[in-house]
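Chains A and B supply the protein sequences, listed in that same order. So the first sequence is numbered by our numbering: it starts at 70 and just counts up by one. So the second sequence is numbered by our numbering: it starts at 70 and just counts up by one.
Number of protein chains: 2
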Amino acid sequence: MKVLITGGTGFVGKQLAEHLLRMQTFPFKGEASRRIEKITLFDAFPNDTKWTDPRIELIVGDISNAQAVARVAQDADLVWHLAAVVSGEAEVDFDLGMRVNLQGTWNLLETLRASSTRPRLVNASSFAVFGGDLPPVVTDRTDLTPKSSYGTQKAIGELLVADFTRKGFVDGRSLRLPTITVRPGKPNKAASTFVSSIIREPLSRQPAVCPVRKDSLVYISSPRRTVEAMVRAMFLSGETIGAERTIPLPGLTLSVGEMVAALERIAGPTATSLIRWEPDATIQRLVDSWPGRVEAARAKALGFRADSDFDEIVRAHIEDESVTQWWRN
Amino acid sequence: MKVLITGGTGFVGKQLAEHLLRMQTFPFKGEASRRIEKITLFDAFPNDTKWTDPRIELIVGDISNAQAVARVAQDADLVWHLAAVVSGEAEVDFDLGMRVNLQGTWNLLETLRASSTRPRLVNASSFAVFGGDLPPVVTDRTDLTPKSSYGTQKAIGELLVADFTRKGFVDGRSLRLPTITVRPGKPNKAASTFVSSIIREPLSRQPAVCPVRKDSLVYISSPRRTVEAMVRAMFLSGETIGAERTIPLPGLTLSVGEMVAALERIAGPTATSLIRWEPDATIQRLVDSWPGRVEAARAKALGFRADSDFDEIVRAHIEDESVTQWWRN
């Protein structure tokens with residue numbers, strides 16, 4: 070089978086590709102498992118990963134260009150659509166966000182429709198489809214009220230994936246992802262980037278800025294759990310998922326203060342003293358407008374699981390990213 | 070002020086234009102009322118209305134063509150966006166529906182954004198944004214679950230109007246419209262067209278087909294009330310409406326049997342005997358999936374009103390369309 074991962078050189082795309090290569094075959098229910106022939110990583114940016122597996126193909130291109138998308142997606146059997154301009158950037162550059170997040174998703178759906186083989190599609194959505202005046206616990210039936218262009222684009226993507234699926238053009242499923250934490254690498258232009266920075270930077274003995282109060286709630290998922298969820302979503306049958314094709318994922322709800330306390334348990338007070346608390350009213354308002362508590366009943370019934378605790382997430386980050394444990398010296 | 074009505078030669082556009090011409094000036098709160106310089110009716114189809122008022126300009130063009138939209142919309146101060154491919158047609162011709170209902174709305178929003186004058190926009194949406202498994206009463210916070218391409222396109226339109234408004238590009242408001250009944254003229258390709266046909270045709274001594282059971286609930290609004298709501302929506306200030314820019318409108322909930330009973334009270338059993346009951350499972354399923362009961366709390370607080378009873382709607386249709394009252398002979 071031919072796999073396409075859009076946004077494939079991003080860190081989730083890379084970890085997903087590694088996971089798929091380890092799987093060797095795909096567990097389709099009721100069918101023989103099928104072998105992976107090719108995994109195309111399509112992205113606007115190359116990255117420095119040295120892939121040695123010959124099944125990996127890296128293609129740099131612009132998802133807002135319909136021809137470029139047609140070339141990489143026309144023969145795909147399984148597609149993970151991760152490519153996106155992140156929240157902060159989509160807010161600053163409205164045209165770029167609409168071009169990549171809306172036109173790009175449209176281009177992909179139209180190519181998959183044209184292929185006539187009804188490819189499977191896992192579409193990465195976000196809890197940024199919510200905002201403003203929210204109920205204390207967001208459920209699977211809470212209405213879409215995005216308060217950012219990114220959230221608007223993600224909400225539209227969910228609606229398009231649902232309609233292309235209902236029409237039989239693709240077999241799509243959208244996952245509403247919690248904030249992925251701890252992200253490796255550098256801060257990005259997402260408004261939520263601090264959620265990773267305040268853990269990742271101190272663990273590398275670097276200073277970090279926390280722009281929100283300690284009692285601010287965040288709703289998170291580790292990279293490992295996120296990749297697991299993306300794989301699970303692909304191999305559930307359409308019948309199992311049912312007519313509603315957007316699946317809000319379970320996550321861990323905790324306060325920024327609880328996150329920092331976990332960091333201190335693991336790496337000590339020298340680590341947490343590297344966090345400077347510099348309130349930013351804009352980011353505080355955004356974070357307060359995001360859902361803190363989420364029910365995710367359907368996802369749980371479909372077997373998706375949240376991380377069990379934040380200490381585990383921090384330890385997994387240390388392991389996965391081979392962080393030097395300077396605090397042990 | 071310059072007015073643009075997309076879909077302006079449709080019957081709602083025509084009645085809206087007539088209403089605006091009668092107003093002479095526009096009641097902007099806190100400002101002097103302003104005179105109407107021009108009303109552009111932009112539509113894919115001409116119609117046979119003979120406009121005598123020199124302020125009316127009729128332009129035939131394709132809303133999915135960005136250049137055509139730019140020409141008619143670039144200097145508009147007030148825009149009513151009514152142009153759409155109806156539900157049944159958007160379902161049969163997916164490309165046409167997406168082109169007109171999605172690309173067309175996008176073209177309009179982009180032109181209005183480029184004008185930099187923050188035009189006011191009333192966007193016609195629909196309760197077809199709902200479908201499937203609905204609560205007994207749909208509220209202002211019921212989540213979007215369209216089960217048709219038309220409903221998907223209308224939901225996306227609401228999201229785009231909200232985001233363009235939040236960004237300050239336009240001052241938009243979307244109205245979720247009940248099924249407009251009694252529509253004059255001929256049946257169209259909307260799945261709901263029978264809701265008008267079963268009244269309009271017998272009143273003209275013509276046979277009609279009713280494809281659903283008598284106990285099927287419909288949620289309706291008369292042409293008069295619909296036009297009133299469109300005018301009211303334009304002249305409410307953005308501050309009065311608030312951050313949520315989609316306004317589900319109040320309507321009248323009644324069964325098809327109650328509609329037919331009203332017809333019989335007004336035009337007698339000879340009229341109702343012209344209705345043939347021919348169940349159509351597809352249409353029955355669609356009608357059953359639409360909301361029957363709607364709360365519309367915000368709209369009511371903003372002064373929008375439903376029709377008081379269906380007999381009044383039928384009598385208004387007879388008056389507005391100069392129906393010959395053959396049953397009185």
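Beta carbons: idealized from backbone N, C-alpha and C, even for Gly.
- The C-alpha of Val-191(B) is placed about 6 angstroms away from the C-alpha of Met-303(B).
- Just so you know, the alpha carbons of Leu-171(A) and Asn-257(B) end up roughly 31 angstroms apart.
- Along the stretch 298-329 of chain A, the positions whose C-beta sits under 8 angstroms from a C-beta of chain B are Ala-312, Glu-313, read in chain order.
- Residue burial is scored here from C-beta neighbours: Trp-359(B) has at least 16 other C-beta atoms within 10 angstroms and is therefore classed as buried.
- Using a 10 angstroms sphere on the CB of Trp-346(B), the tally of other CB atoms stays under 16, which defines it as exposed.
- The beta carbon of Leu-90(B) sits closer than 6 angstroms to the beta carbons of Asp-122 from its chain, once the five residues preceding and following it are set aside; these are given in chain order.
- Per DSSP, Trp-395(B) lies in no beta strand (DSSP E) and is assigned neither H nor E.
- Leu-286(A) sits away from Ser-243(A), with the two beta carbons spaced by 8 angstroms or more.
- When DSSP states are grouped into helix, strand and coil, Ala-277(B) belongs to the strand group.
- For Ile-74(A), the uninterrupted beta strand (DSSP E) run begins and ends at 71-75, by DSSP.
- DSSP places Ala-113(A) in the coil class of the three-state scheme, outside both helix and strand.
- Look at Trp-175(B) here: in three-state DSSP terms it is helix.
- Gly-320(B) and Val-363(B) have their C-alpha atoms some 8 angstroms from each other.
- Every alpha helix (DSSP H) stretch that sits fully inside the stretch 201-241 of chain A and reaches 4 residues is listed by chain position as 218-235.
- Assignment of Lys-258(B) by DSSP, reduced to helix, strand and coil, places it in the coil class.
- Following the DSSP letters along the chain, one finds Ser-194(A) inside the beta strand (DSSP E) bounded by residues 189-195.
- Cβ contact annotation for Leu-318(B) (same chain, cutoff 7 angstroms, sequence separation greater than five): Leu-244, Arg-245, Leu-246, Pro-247, Ser-290, Ala-298, Ala-365, Ala-368, Phe-373, in chain order.
- Under the DSSP assignment, Arg-345(A) falls in the beta strand (DSSP E) whose first and last residues are 344-346.
- Under the three-pair Cβ rule at 8 angstroms, the stretch 265-283 of chain A does not count as touching the stretch 308-316 of chain A.
- Of all residues in the stretch 186-209 of chain B, those with a C-beta nearer than 7 angstroms to a C-beta of chain A are Gly-201, reading in chain order.
- Around Ser-218(A), the beta-carbon contacts reaching into chain B at under 9 angstroms are Asp-232, Arg-235, Lys-236.
- In the three-state scheme derived from DSSP, where H, G and I count as helix and E and B as strand, Ser-306(B) is classed as coil.
- Under the three-pair Cβ rule at 8 angstroms, the stretch 162-178 of chain B does not count as touching the stretch 204-213 of chain B.
- Ranked by how close their Cα comes to the Cα of Gln-136(A), the residues Ala-159(A), Trp-175(A), Glu-160(A), Arg-124(A) have Trp-175(A) in first place.
- The beta-carbon separation of Gln-275(B) and Leu-343(B), rounded to 7 angstroms, stays under the 8 angstroms limit for a contact.
- With 16 or more other CB atoms across the displayed protein chains lying within 10 angstroms of its CB, Phe-196(A) is buried.
- By DSSP's assignment, Pro-317(A) forms a beta bridge with Arg-245(A).
- The alpha-carbon separation between Ala-350(B) and Cys-279(B) amounts to approximately 12 angstroms.
- Taking Ser-156(B) as reference, the option from Ile-335(B), Gly-220(B), Asn-116(B), Asp-376(B) with the minimal CA-CA separation is Gly-220(B).
- In the structure shown, Glu-388(A) falls within a helical segment according to DSSP collapsed to helix, strand and coil.
- Measuring C-alpha to C-alpha distances from Arg-140(B) to each of His-150(B), Leu-151(B), Leu-147(B), Ile-128(B) identifies Ile-128(B) as the nearest.
- Under the Cβ criterion of 8 angstroms, Ile-268(B) is not counted among the residues facing chain A.
- Boundaries of the alpha helix (DSSP H) around Ile-352(B): 350-358.
- Contact note: Thr-214(B) reaches chain A through Arg-210, Ala-231, Ala-312, Glu-313, using a C-beta cutoff of 9 angstroms and chain order.
- The contact set of Thr-221(B) on chain A, defined by CB atoms closer than 8 angstroms, consists of Leu-228, Leu-229, Ala-231, Asp-232 in chain order.
- Considering only Thr-211(A), Arg-103(A), Gly-79(A), Ser-266(A), the residue with the shortest C-alpha distance to Leu-151(A) is Gly-79(A).
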